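Q: Residue numbers (this note's numbering): 50 to 261.
The beta-carbon is built from N, C-alpha and C at its ideal position, and this holds for glycine as well.
Note that the structure is a prediction, hence the values are computed from the model and not measured.
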Amino acid sequence: MMEVYFDNAATTKPDPRVVEKMTKFLKEDFGNPSSTHKFGRKARVAVEESREIIAEFLNADPSEIYFTSSGTEADNMALFGIAKTESKESGRNKIIATAGDHHAVIESIERLSEEGFQTELIPLRKDSSVDLESLSETIDKGTSLISAIHYNNETGVINPIEEISNMKNEHAFYFHTDAVQSFGKTKIDVRKFNLDALSFSGHKIHGPKGIG
Numbered sequence: 050m051m052e053v054y055f056d057n058a059a060t061t062k063p064d065p066r067v068v069e070k071m072t073k074f075l076k077e078d079f080g081n082p083s084s085t086h087k088f089g090r091k092a093r094v095a096v097e098e099s100r101e102i103i104a105e106f107l108n109a110d111p112s113e114i115y116f117t118s119s120g121t122e123a124d125n126m127a128l129f130g131i132a133k134t135e136s137k138e139s140g141r142n143k144i145i146a147t148a149g150d151h152h153a154v155i156e157s158i159e160r161l162s163e164e165g166f167q168t169e170l171i172p173l174r175k176d177s178s179v180d181l182e183s184l185s186e187t188i189d190k191g192t193s194l195i196s197a198i199h200y201n202n203e204t205g206v207i208n209p210i211e212e213i214s215n216m217k218n219e220h221a222f223y224f225h226t227d228a229v230q231s232f233g234k235t236k237i238d239v240r241k242f243n244l245d246a247l248s249f250s251g252h253k254i255h256g257p258k259g260i261g
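#1: So if DSSP puts Leu181 in a beta bridge, which residue, or which two residues, is it bridged to?
#2: Can you tell me whether Asp124 is buried or exposed? The criterion is at least 16 other CB atoms within 10 Å of its CB, across all chains shown.
#3: Roughly how far, in whole angstroms, is the beta-carbon of Ser162 from the beta-carbon of Val206, given that I think they are within contact range, below 8 Å?
#4: Rank Ser139, Phe129, Ala104 and Lys137 by C-alpha distance to the C-alpha of Ala153 and give the top, closest one.
#5: Using only the alpha-carbon positions, how far apart do Lys70 and Ser183 sit?
#6: Between the segment 193-210 and the segment 225-242, are three or more C-beta pairs nearer than 8 Å?
#7: For Ile171, tell me which candidate among Ser157, Ile188, Gly165 and Glu156 has the shortest Cα-Cα distance.
#8: Report the rounded CA-to-CA distance for His220 versus Ile260, giving the unit in angstroms.
#9: Using DSSP with H/G/I as helix, E/B as strand and the rest coil, what is Ser152?
#10: Is DSSP giving Lys143 helix, strand or coil here?
#11: Write down the C-beta distance between Arg160 and Gly191 rounded to the nearest angstrom, noting that I regard them as a contact closer than 8 Å.
#12: Any chance the segment 237-248 sits against the segment 209-217, with 3 or more Cβ pairs inside 8 Å?
#13: Tell me Leu247's beta-bridge partners as DSSP assigns them.
#14: If the criterion is Cβ atoms closer than 8 Å, does the pair Thr85 and Lys253 meet it?
#15: Given a threshold of 16 other Cβ atoms within 10 Å of its Cβ, counted over all protein chains shown, does Leu194 qualify as buried or as exposed?
#16: Using 10 angstroms around the beta-carbon of Tyr54, count the other beta-carbons present and answer buried if the total reaches 16, otherwise exposed.
#17: Is there contact here, the segment 108-118 with the segment 231-240, by at least three beta-carbon pairs under 8 Å?
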């Protein structure tokens, strides 16, 4: 009986080319990229080449690409990093996300709230997209960060991240999007969309698990 896999939104089968490439590093080029010997240098070259490829795809600078262990860790790093830095440097401590965000973002918002940050979850419209009018009304001079998922992992709705980023013309806030579901499916230009932080995960695009 033939089995068919229909759950690519949850995780994908690693591409054979990825498996082949990874096998080489597991068997031969296994050095620590922070080491200065030959094995380490070869691993470092591979890491930096990967960084450059991802940066080109996003129209970002290689220095802006950070590797994490997952999309969840990437979300956490962006939200906690920006929120706490802005609170310390500018005193702004209002964080806004949407009710349709991934649980990794929602749980980060809840934790920030417990730590004393002012947090808001923007409701969704009937089509499950973010209510832009409500979002606009919620932003104020104390807002430091807005996070909105790009492609929703359950409903498939596509949020208008470019319209949200345009609100930065009137309000100075940082904008993060969880692009775990959209990365690799559509062209994302972080400069065009005026994004300050973006998260994605390798296992959603036929890459390995354990990287974001």
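A: Reading off the structure:
#1: Numbered from its first residue, the sequence shown carries residue 181 at position 132. Per DSSP, Leu181 has no beta-bridge partner at all.
#2: Locating residue 124 in the sequence shown gives position 75, counting from the first residue. With 16 or more Cβ atoms within 10 Å of its Cβ, Asp124 is classed as buried.
#3: The count along the sequence shown starts at 1 and reaches residue 162 at position 113. The count along the sequence shown starts at 1 and reaches residue 206 at position 157. That belief does not hold up - the Cβ atoms of Ser162 and Val206 are roughly 25 Å apart, past 8 Å.
#4: Within the sequence shown, numbered from 1, the residue matching residue 153 stands at position 104. It is Phe129.
#5: Counting from one through the sequence shown, the residue named residue 70 turns up at place 21. Counting from one through the sequence shown, the residue named residue 183 turns up at place 134. Each residue's Cα considered, the two are about 47 Å apart.
#6: Result yes; three or more Cβ-Cβ pairs closer than 8 Å.
#7: In the sequence shown, counting from the first residue as 1, residue 171 sits at position 122. Of the candidates Ser157, Ile188, Gly165 and Glu156, the residue whose Cα lies closest to the Cα of Ile171 is Ile188.
#8: In the sequence shown, the residue the question calls residue 220 occupies position 171. In the sequence shown, the residue the question calls residue 260 occupies position 211. So the alpha carbons of these two residues sit roughly 33 Å apart.
#9: As a position in the sequence shown, residue 152 is number 103, starting the count at 1. Rather than Ser, the amino acid found at residue 152 in this sequence is His. Under the three-state reduction of DSSP output, His152 falls in the helix class.
#10: Position 94 of the sequence shown holds residue 143. For Lys143, the three-state secondary structure derived from DSSP is strand.
#11: Here residue 160 is taken as the residue at index 111 of the sequence shown, counted from 1. Here residue 191 is taken as the residue at index 142 of the sequence shown, counted from 1. No, Arg160 and Gly191 are not in contact; Cβ-Cβ is about 19 Å, not under 8 Å.
#12: At 8 Å Cβ cutoff, the stretches touch.
#13: The residue given as residue 247 occupies position 198 in the sequence shown. Listed as beta-bridge partners of Leu247 by DSSP are Thr226.
#14: By one-based count along the sequence shown, residue 85 stands at place 36. By one-based count along the sequence shown, residue 253 stands at place 204. Against a cut-off of 8 Å, the Cβ pair of Lys253 and Thr85 comes out as no contact.
#15: Here residue 194 refers to the residue found at position 145 when the sequence shown is read from its first residue. Leu194 sits buried, since 16 or more C-beta atoms from the chains shown fall within 10 Å of its C-beta.
#16: Indexing the sequence shown from 1 puts residue 54 at position 5. Tyr54 counts as exposed, since fewer than 16 other beta carbons sit within 10 angstroms of its beta carbon.
#17: Counting Cβ pairs under 8 Å, three or more are found: they touch.
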